[in-house]
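Engineer:
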Amino acid sequence: MSKGLKKRSVSLHGHQTSIALEPEFWAVIDDAISEKGYSLAAFIAALDDERITSKSPHGLAATLRLYALEYVQGAQK
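Residues 3 to 79 in this note's numbering are what the sequence shown spells out, letter by letter.
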């Protein structure tokens, strides 16, 4: 397990934002976007749009962590 967070910056709807996650979560997200053929920015923008539309109580970082967890669980089935 890592000791710290890793920040990545992306542009969402014309605004620069930074997201801090543990490296293990970034590794899962990198696998997911590679499999789907998305860029990091496009993937995060789509997930953020879905989060906002669904009125999720979670912030963007939590949404990314939950996505990573669901992705790993789906891969294990």
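All residues carry an ideal CB built from backbone N, CA and C; glycine is no exception.
Which same chain residues end up closer than 6 Å to Ser20 when comparing Cβ atoms and leaving out the 5 residues on each side of it in sequence?
Structural biologist: Within the sequence shown, the letter at position 18 stands for residue 20. If we look at Ser20 and ignore the five residues flanking it on each side, its Cβ neighbours are Lys9 and Ser11.
Engineer: Between which residues of its own chain and Tyr69 is the CB-CB distance below 8 Å, once the five residues before and five after are set aside?
Structural biologist: By 1-based counting over the sequence shown, the position of residue 69 is 67. Same-chain partners within the cutoff: Ile31, Ala34 and Leu49.
Engineer: Using DSSP with H/G/I as helix, E/B as strand and the rest coil, what is Leu7?
Structural biologist: By one-based count along the sequence shown, residue 7 stands at place 5. Leu7 falls in the coil class under three-state DSSP.
Engineer: Could you pull out every residue in the same chain whose Cβ sits closer than 7 Å to the Cβ of Tyr73, ignoring the five residues on either side in sequence?
Structural biologist: Taking the sequence shown and counting its residues from 1, one reaches residue 73 at position 71. These residues qualify, in order along the chain: Val30 and Ala34.
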